[in-house]
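**Student:** Chains as they are written, first to last, in this note's numbering: chain A, 1 to 263; chain B, 1 to 384.
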Ligand SMILES: Cc1cc2nc3c(=O)[nH]c(=O)nc-3n(C[C@H](O)[C@H](O)[C@H](O)COP(=O)(O)OP(=O)(O)OC[C@H]3O[C@@H](n4cnc5c(N)ncnc54)[C@H](O)[C@@H]3O)c2cc1C
Ligand code: SF4
Ligand code: SF4
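(1) Is it the case that the Cβ atoms of residue 161 of chain A and residue 43 of chain A are separated by a distance below 8 Å?
(2) Could you tell me whether the region 84-103 of chain B touches the region 139-149 of chain B, where touching means 3 or more Cβ pairs closer than 8 Å?
(3) For residue 114 of chain B, is the classification buried or exposed, using 16 other Cβ atoms within 10 angstroms of its Cβ as the cut-off for buried?
(4) Would you list, in sequence order, the uninterrupted alpha helix (DSSP H) runs of no fewer than 4 residues that lie entirely inside the region 25-92 of chain A?
(5) Which ranges does the beta strand (DSSP E) cover as unbroken runs of at least 3 residues, wholly within the region 247-333 of chain B, from first to last along the chain?
(6) Using a Cβ cut-off of 7 Å, pull out every chain A residue sitting near residue 95 of chain B, in sequence order please.
(7) Run through the DSSP bridge pairs and tell me what residue 141 of chain B is partnered with.
(8) Tell me residue 142 of chain A's beta-bridge partners as DSSP assigns them.
(9) Is residue 127 of chain B near ligand 3, going by C-beta to nearest heavy atom under 7 Å?
(10) Go to residue 204 of chain A, then tell me how far its beta strand (DSSP E) extends in each direction, as first and last residue.
(11) Hey, which unbroken runs of the beta strand (DSSP E) at 3 residues or more fall wholly within the region 85-162 of chain B?
(12) Using 8 Å as the threshold, is the region 282-290 of chain B in touch with the region 257-271 of chain B, meaning 3 or more CB pairs across them?
(13) Under 9 Å, CB to CB, which of the residues in the region 186-213 of chain A have a partner in chain B?
(14) Report the residues of the region 33-44 of chain A with a CB closer than 8 Å to any CB of chain B, ordered along the chain.
(15) On the three-pair Cβ rule with 8 Å, is the region 194-210 of chain B touching the region 117-131 of chain B?
(16) Considering only the beta carbon of each residue, do residue 191 of chain A and residue 194 of chain B sit closer than 8 Å?
(17) Straight-line CA distance for residue 224 of chain A to residue 258 of chain A?
(18) If the cut-off is 9 Å on Cβ atoms, which residues from the region 148-171 of chain B count as contacting chain A, listed in chain order?
(19) Classify residue 103 of chain B: buried if its beta carbon has 16 or more other beta carbons within 10 angstroms, exposed otherwise.
(20) Using a Cβ-based criterion (distance less than 7 Å to any ligand heavy atom), does residue 18 of chain B qualify as near ligand 3?
(21) Against residue 109 of chain B, what residues of chain A qualify as contacts under a CB-to-CB distance less than 8 Å, listed in chain order?
(22) Using CA coordinates, which residue listed in B:138, B:329 and B:266 is at the minimum distance from residue 445 of chain B?
(23) Are there 16 or more other CB atoms within 10 angstroms of the CB of residue 20 of chain B, so buried, or fewer, so exposed?
(24) According to DSSP, simplified to helix, strand and coil, what is residue 52 of chain B?
(25) Name the chain A residues that come within less than 9 Å of residue 115 of chain B, Cβ to Cβ?
(26) Less than 6 Å between C-beta atoms, sequence neighbours within five positions excluded: which residues of the same chain meet that for residue 245 of chain A?
(27) May I ask whether a heavy atom of ligand 3 can be found less than 7 Å away from the beta carbon of residue 21 of chain B?
(28) Indicate the three-state DSSP secondary structure (helix, strand or coil) for residue 129 of chain A in the structure shown.
(29) Would you report the Cα separation of residue 224 of chain B and residue 122 of chain A, rounded to the nearest angstrom?
(30) Are at least three pairs of beta-carbons, each pair with one atom in the region 24-34 of chain B and one in the region 310-322 of chain B, less than 8 Å apart?
(31) Sorry if obvious, but does the Cβ on residue 38 of chain B come closer than 7 Å to a heavy atom of ligand 3?
(32) Should residue 92 of chain A be labelled buried (16 or more other beta-carbon atoms within 10 Å of its own) or exposed?
(33) Can you list, in chain order, the residues of its chain whose CB lies under 6 Å from that of residue 83 of chain A, leaving out five sequence neighbours each side?
(34) From residue 294 of chain B to residue 239 of chain A, what distance separates their C-alpha atoms?
(35) Under three-state DSSP, which class holds residue 82 of chain B?
(36) Looking only at its chain, what residues have a beta carbon closer than 8 Å to the beta carbon of residue 374 of chain B, apart from the 5 residues adjacent to it on each side?
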């Protein structure tokens, strides 16, 4: 079975103090640590497990600058066979819709039985690229997949729905799945493993190679655009308690008692 | 797999093992874990395929205390077979999530807790410490350690050490946010490549300032820098060795009475692995008022606290009583008011054991530098 996995390189923001940059449309990524989008890591692992059980090939694709080779190499070290990076100044400013067009143009030239994406990306959180891509390719799809069983040409998948419900679907290959975190336990990728694939070639394609016009992609080819980013306004009600540890404890206990938090 | 291609038995000379069992006999976890190091050595030698080990979680029970290596009459290092097996598991990617998180944290943020890089030196903000990268060559570098940088309890140790160094008039600097994990624990969790990466990063900065002496908070950092950083020209000392030297040079004297009955817990990486037994004892017995008694199991026979070898990130299979709890109970029986130690991991695991055994009112765990600060008549900082 030939599988394509779309992977994104995103900044890690859990521990970082985020700063909005001068354009007010993006965050300042200086000093941030980048890595593979968490969902995509699970998607790569899912692909490898399928390959381990039925054979085939895995191609990983990432749209972005040279730094994205980092996540592609990591996926190669994990067990992918080929890596392709799509890059072009015209891609700048693409939303989920334009991103799906770029990916659709690329996967058309690569034989595939199954396409995997993450449910969403950690930075933009659109949650739309996967299903848009399936629509453009005319493929059956399932989103938020938490379990995959393959029987010949038929996939049986579990989908996570709101309120903790689970839906079981069957799809005929070729198909597209967007993978939810927790579906598996992604294996560790050692530094030596990454070094071992350091010289493996990573294919590069631009808008021209993909037959995409400049109008079709980037900000021009998008359906949505970011007007402004801002932090949620600070609300009232937060009270910072000052003093020594004893004073702070005393003040806190007093407040908790007053408001009925403790007896 | 060039680097790991040579099979373990050849690489570690395990064919010469005579199966005397001295390693298992001294192994602190063997009484409560399926881990039997003698058996691991034998299996490693006779099995053609070591993949069977990969699902055996007890391989992660080893604390890398190195008792087995001290005891082996053939001069083998049984513990290295454990690390070798972990290396193979890491290469296959078949390791527990908590270990993956620690390795990922060290890779991305330079510390196994995955805390922000730019917060590494926050503990030192108000202490007016020199940026080591602006120092001339031949000076003293204080290598802080991830635990001392980020853990509020161990930060106190770093601060007290700074107080002691300043009291002795020592001029020194720290690398601040440029310091990364020494890699000691990373290597022991089997991630050699990442260890090398971290080593290269630190070596790059050491190279810029060529310190005459590097002083460490942690015996684990000391061991890595001294014995595993290839080509490092600096002298590497644990703080206990350095402070002992300051006493010899007449730069430090403890004159404030500290009336307390204490014992001393030997950190494995300081004592067993580097032979530093006397300096910490000499420091604490030079403080007036201290009544010092030894643990029954002390020095080479000291009982491991179970904090090393990646165990800070992996509880292990052993469900029995924690060795740190045994240690605390032994100390209570001896009637001491405090256990003094000199390692961040020992400090954390022993203090945990005081809490889990419900003995907070009866005994304290104090770092040697906290005691030194008391002996200098300075106040002890208790909160981070
Ligand atoms: C490398 C090696 C590995 C081995 N591994 C195993 C194993 O895993 N399992 C196993 O069952 N066997 C093992 N054996 C065999 C076992 O150790 C021997 O069968 C046993 O030790 C034989 O006794 P010995 O003559 O060596 O006695 P020694 O080793 O000399 O002494 C054994 C004990 O006898 C007593 N003793 C000896 N001399 C005196 C004395 N003069 N006065 C008072 N008391 C004395 C002492 O209590 C002493 O501790 C091993 C042997 C070797 C050499
Ligand atoms: S290093 Fe310590 S815990 Fe590990 S096998 Fe040896 S004696 Fe046991
Ligand atoms: S102590 Fe040394 S010789 Fe004895 S069983 Fe252990 S590894 Fe083998």
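From the three backbone atoms N, C-alpha and C, an ideal C-beta is built for every residue, glycine too.
**Tutor:** Concretely, from the data shown:
(1) no
(2) no
(3) buried
(4) 38-54 and 69-78
(5) 260-264 and 290-292
(6) 188
(7) B:173 and B:214
(8) A:177
(9) no
(10) 203-205
(11) 140-143
(12) yes
(13) 186, 187, 188, 189, 190, 191, 192, 193, 194, 195 and 196
(14) 33 and 35
(15) no
(16) yes
(17) 49 Å
(18) none
(19) buried
(20) yes
(21) 15 and 33
(22) The question about residue 445 of chain B has no answer here: the residues shown for chain B are numbered 1 through 384.
(23) exposed
(24) helix
(25) 15
(26) none
(27) yes
(28) helix
(29) 36 Å
(30) yes
(31) yes
(32) exposed
(33) 60, 72, 76 and 202
(34) 50 Å
(35) helix
(36) 256, 258, 287 and 380
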